[in-house]
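The block underneath contains the structure these notes are about, expressed in structure tokens.
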Amino acid sequence: MTDEPLLRVEDLTTTFETDAGRLVAVDGIDFSVEAGETVCLVGESGSGKTVATESITRLIKEPPGHIEGTVRFEGRDLADCAEPELREIRGADVAHVFQNPQDALNHCYTVGWQIAEAIRIHEDVGRSEARARAIELLGRVGIATPGARIDDYPHQFSGGEKQRVMIAMALSTNPDLLVADEPTTALDVTVQAQILRLLDELKTEYGMGVLFITHDLGVVSEIADRIVVLYAGKVMERGSAADVFERPSHPYTRQLLGCLPGIGPPSAGGIPGTLPDPTDPPEGCRFAPRCEHAVEACFEGGQPEAVERSPGHRVSCIHYHDGYDESVLGEPPTRLGLADPKAEEDTRTGGDADDG
Amino acid sequence: MGLARYVVLRVVWAAVVSLVIVTATFVLMAAAPNPAIQEAATQAALEGGDPQQAVERERELRGLDEPLHVRYLDFLTSIYTLEWGWSDHRSQPVTEALVEGLYYTAQYSIPWTVLTVLIGPLVGVYSAANMYSWRDHAATAFAFFGYAIPNFFFGIVLLLLFGVWLDWIPVVYRTDVAVFSLENARQLALPVFVLVTGSIGAVMRVSRNESAEFRDATFMKTAKAKGVSPFRAYAYHVMRPTLVPLSTTLVSQLLAIFLGSSLLVEVVFGIPGLGRLTFEALVAQDTNLVLGATFVFTFVAVIGNLLEDIAFSVLDPRISYDDR
Amino acid sequence: MPPERFDRIDWEEHAGSSGFSASINTVAFVLTALSVLALAGYDRLFAAERETVFGALARDVGVGPRFESLGIGADPGALEYLFVITLLLFVWYLLAPLYQNPRMTRYYWDRFTRNRPAVVSLGWLFVVFAGGLLGPLLLSAPQQDVLAGHQPPVYLSIDASNVARCLGETVGGRCHGTWRYPLGTTQAGEGVFRNVVYGMTISMQIAFITTTIVAAIGITFGTVSAYAGGWVDEALMRFVDIVLSFPTLLFFLLILYIYGAGLGMFILVFSLFAWGGTARYVRSKALSIAEEEYVDAARISGASTYRVVRRHVVPNTASSIITQLTLLVPGFLLAEAQLAFLGLGDSGINSWGQLISAGRSDLAFAPWIVLAPGIVLFLTILAFNFLGDALLDALNPKTEAERGR
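Residue numbers (numbering that gives the first Met the number 0), protein chains in the order written: chain A, 0 to 355; chain B, 0 to 323; chain C, 0 to 404.
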């Protein structure tokens, strides 16, 4: 084996043709996922997180979408793969869990049918074996009496259970990479924690890489090994979870962290302003129009070259370039309020009985 | 369990509806002067007899001197025991005449129903998959054309074109050809085509618009992410949920065409089926046969509505039977 | 700024314009409708059997034959009076509010005009409407003239042996059409064009009167059902089930068979069996609107149920009801034509179906008698369908993104 990561995305650009013109949803981003690690894509709604992950196996509808760049997965460039090859990879090697389990399951088929479908597409197994595997998977993701519930329809499951079914479906073919697109956003807080823990366990058990999308930094602090901060289709900052949380560098990251209760000043009420128009992105740094530390140079050229602050921790901000003084950014917000994930583990209640 | 109870309830309800319609018919009949009695009086007057006496005799003969509720019960009994009386105009029992008519009606009704059910949803889903392509536009144009052109007018024009001017198909319907023969297929081709054109438009439109909604649903993305091919995704994940709202349109459209247009089409093409039978009974003032034909169509409508409800609830797993 | 929509507007908010003007519309409607009713009453009580109402009016008022010189010589029947009243409803409750809310009208008009077939359809329906309204005033009713039978339309010709007397030129044994009968004549020598124009009147009468009855019954049943709730709701909805299960055409045939029926009975029976869908729709909409906060607000501030229905439920469902009604009309027109074709229609009227039926026996050599009214009927049904479809799209915010190409 080479030392190539499980997934390496380079210069990924995804655009959409719309009435209002060409919309650049993801603009030349890079990231990678190693086997067995969890990488979090973080950003506001509309920052291009979902589009970026759905571009990996080309789930984006083309046209109106258009994907450019390199997506190396297990040594293959998915950008060169024809549709039938991609279909082999989808589900079997790269599995997805979507945000809203309510809509992500087809309401007209039993959950058993839908899990078995995923298995039988990729493996030459009989109906009864696929069913047996589906029951086993439902049990593994924590559905009580899976044998009795396999023939139930999605509407007979609670929201948390549905997300468990989605996870079971994603795991049914032992994927190497699991893409989880805000899998807990639509769920109750208590259920959220259970799902997160389940994902974490399964990651270790199956040795998968997990690409986790969220806008919830609380969730990130609990599960992330590495973090990629996206803003308006560009990577602002990336690094290990420790780097980003201990030494947040980009003004955007700092303000995001500042929005967390207990970290920023008590008066902090979110980041003023809105995301730039994706059909007409601003010159210079994408965040400059909303950045309180923006100087004239921030509005010129493209996104600033990323600077490596420590190995693996890179930040795309002009204030870290030569000739600028990063001290204008002030002290980063401290993580005093963020509970230590390990400590929190003990206080959680176990069991899934009250799932819905 | 829930389903069985629901079906039983719907069947009972269908029986109630049919009873209401039969009762309405009885009220209509009872409130009107019976043409046969009028005729008897006229006849008696013409022959120099006593019209009053003739009326009495005729009333007695027809059981009209009984009290209303007795007549109503008799009426119900005869309707539901299929004792539908004698057709003066056909000189045979009404039920026999109706069965004969049904024989010819079925010969073209089964083909057009099958064709509509098979082609309509397929074209609709295909349209949704290729929305705004020229094929979609062509299908939409055809759907609107078929929906808007009056069946009987379309039939006349086609008969003029292919029967009279081009002489490709026989103008006169022949009852002496075998059911499964080329001749029969040739003479039924136009009526079947006309009726399919009329019924398929709405089916295509509804399946197109409904499946367009499911085409963009998140579960289609799930399916794609699972590695499901586009064909399989449409065939299973779009088609199946589309069938739920479509079942309603499909049944009601077939019923509407069957009840509304088959009569016209039979008259245009000279097919001696149920519709033509009804028409001739109306013209010949054959009350028993008119009533009998009305009941056949009514029962078809009631059973069709029943099937529509049951199909809808069987197809949609989310329907809870306890709510009804 | 998100554009305003029927669905989103709380019409109460617009009390400054529509709240006040709605009452003006009502006053205007009542006044105009009363004058029509007065005329009808006068017609019934004072005008002599063989006299036209305007003739009688002119005599009584003493203006001489002035009405007739203006072309108002028609002698309206009950159906015509009803038609005029539905037209007044249409003017005061649909056209006037559109005129009074120009901003909203422009917004919908812009969305509507994106759909080109629908604009053409609206144009065609306007032609039919105007033809039906003005045609009988400008053209006298088609007259029989046996000698002028089977004249071909202009620019077409027919073998001279099929025509008793050729009114146009006869060239090489073929009779050519004349402008006197632009669409040719029937066997009885009636002008097909005049017949088609008079058919427009019938079709418009059917369209307006049936939809008014359907809307009135459907809205009443729907709102009563939604607000009464409980067993009343259950009973009414079961009743709707039954009404919808009736095979209308057959039932009408039965009535026709037993009692005989004209156009008035046709309109009555078909509209009495067509309101089920509207009632169901209004009911479900009324139930969902009752959940809206502004209705709560209205109720808390003391609005009666009637007021909530009148001011919130009806305006908010109006657009969908209009769409539904638009899609119902083709069925009525088709049914009338079918009955007329079977020879079971009202033989006293010049409907398109009557014309098709009249031309059927001459189809082989004089196809225009069937084709002209058939095509006009087809186009009208098509136009109503296109229009309904476009309204559905224009009023449904969901389709905006989809159609936004």
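The beta-carbon is built from N, C-alpha and C at its ideal position, and this holds for glycine as well.
Grab the span of the beta strand (DSSP E) containing residue i for me, first residue to last.
| i | result |
| --- | --- |
| Thr13(A) | Leu6 to Thr17 |
| Val227(A) | Arg225 to Tyr230 |
| Leu186(A) | Counting along the chain, Leu186(A) falls outside any beta strand (DSSP E), and DSSP gives it neither H nor E. |
| Arg21(A) | Gly20 to Val32 |
| Ser54(A) | Taken as a continuous stretch (DSSP letters only), Ser54(A) belongs to no beta strand (DSSP E), being part of the alpha helix (DSSP H) at Lys48 to Ile55. |
| Leu177(A) | Leu176 to Asp180 |
| Ser156(C) | Ser156 to Asp158 |
Name, in chain order, the residues that DSSP records as bridge partners for residue i.
| i | result |
| --- | --- |
| His88(B) | Paired residues: none, contrary to the question. |
| Asp242(A) | DSSP lists no partner for Asp242(A). |
| Ser309(A) | His312(A) |
| Lys233(A) | Tyr230(A) |
| Thr69(A) | Glu9(A) |
| Gly221(C) | For Gly221(C), which the question treats as bridged, DSSP gives no partner whatsoever. |
| Phe331(C) | Answer by DSSP bridge pairing: none, since Phe331(C) is not bridged. |
| Arg89(A) | Val93(A) |
| Gly190(C) | Thr184(C) |
Just how far apart, CA to CA, sit residue i and residue j?
| i | j | result |
| --- | --- | --- |
| Gly159(A) | Ser251(B) | 39 Å |
| Asp42(C) | Leu386(C) | 37 Å |
| Asn384(C) | Asp49(B) | 59 Å |
| Leu33(C) | Glu82(B) | 54 Å |
| Glu291(A) | Gly272(A) | 11 Å |
| Val54(B) | Ile254(C) | 23 Å |
| Thr184(C) | Leu341(C) | 21 Å |
| Ala94(A) | Val122(B) | 32 Å |
| Tyr197(C) | Ser350(C) | 7 Å |
| Thr322(C) | Ala389(C) | 9 Å |
| Ser44(A) | His214(A) | 7 Å |
| Val369(C) | Leu245(B) | 35 Å |
| Phe311(B) | Tyr251(A) | 52 Å |
| Thr80(B) | Asp135(B) | 51 Å |
Applying a beta-carbon distance threshold of less than 8 Å, which residues of chain C neighbour residue i?
| i | result |
| --- | --- |
| Leu8(B) | Ordered by position in chain C, no residue passes the 8 Å Cβ test against Leu8(B), which lies about 12 Å from the chain. |
| Val16(B) | Asp240, Ile241 and Ser244 |
From what residue to what residue does the alpha helix (DSSP H) around residue i run?
| i | result |
| --- | --- |
| Gly138(A) | Arg126 to Arg139 |
| His136(B) | Trp133 to Ala147 |
| Asp308(B) | Thr286 to Leu314 |
| Phe152(B) | Asn150 to Leu157 |
| Phe192(B) | Leu181 to Arg214 |
| Ser246(B) | Met238 to Gly259 |
How would you list, in chain order, the residues of chain B whose beta-carbon sits under 7 Å from the beta-carbon of residue i?
| i | result |
| --- | --- |
| Val195(C) | Here the premise fails: no neighbours, minimum Cβ distance about 14 Å. |
| Val369(C) | Ile155 |
| Ala231(A) | The premise fails here: Ala231(A) is roughly 23 Å from chain B at the closest Cβ pair, so nothing lies under 7 Å. |
List the residues of chain C whose Cβ lies closer than 9 Å to the Cβ of residue i, in chain order.
| i | result |
| --- | --- |
| Thr297(B) | Ser244, Phe245, Pro246, Leu249 and Phe250 |
| Val163(B) | Leu362 and Ala363 |
| Val237(B) | None at all; the shortest Cβ gap to chain C is about 16 Å. |
Which residues in chain A sit within 7 Å of residue i, going by Cβ to Cβ distance?
| i | result |
| --- | --- |
| Ser77(B) | Within chain A, no residue comes near Ser77(B); the closest Cβ sits about 45 Å away, beyond 7 Å. |
| Arg214(B) | The premise fails here: Arg214(B) is roughly 10 Å from chain A at the closest Cβ pair, so nothing lies under 7 Å. |
| Phe218(B) | Asp102, Ala103, Leu104 and Asn105 |
I want to verify the contact list: residues of chain B whose CB lies under 8 Å from the CB of residue i, in sequence order.
| i | result |
| --- | --- |
| Ala393(C) | Per Cβ cutoff of 8 Å: no residues; Ala393(C) is ~15 Å from chain B at best. |
| Asp79(A) | Correct list: empty, because the minimum Cβ distance to chain B is about 18 Å. |
| Asn349(C) | Correct list: empty, because the minimum Cβ distance to chain B is about 17 Å. |
| Gly228(C) | Correct list: empty, because the minimum Cβ distance to chain B is about 15 Å. |
Would you grab the beta carbon distance between residue i and residue j for me? Rounded to a whole angstrom, and I think it's under 8 Å.
| i | j | result |
| --- | --- | --- |
| Lys225(B) | Leu58(A) | Contact flag wrong, Cβ pair sits at about 11 Å. |
| Ile149(A) | Gly125(A) | With 8 Å as the limit, Ile149(A) and Gly125(A) do not qualify as a contact, their Cβ atoms being about 16 Å apart. |
| Val332(B) | Val264(B) | Because chain B here runs from 0 to 323, residue 332(B) falls outside it and cannot be looked at. |
| Ala44(B) | Asn304(B) | The pair is not a contact, with the Cβ atoms about 47 Å apart (cut-off 8 Å). |
| Ala51(A) | Leu40(A) | 7 Å |
What in chain A is Cβ-close to residue i, meaning under 8 Å?
| i | result |
| --- | --- |
| Ser228(B) | Arg86 |
| Ala30(B) | What Ala30(B) touches in chain A: nothing, since even the nearest Cβ is about 49 Å away. |
For a contact meaning CB atoms closer than 9 Å, what does residue i contact in chain B?
| i | result |
| --- | --- |
| Glu61(A) | In chain order: nothing, as chain B lies at least about 12 Å away. |
Which residues in chain C sit within 7 Å of residue i, going by Cβ to Cβ distance?
| i | result |
| --- | --- |
| Phe151(B) | Gln337 and Phe340 |
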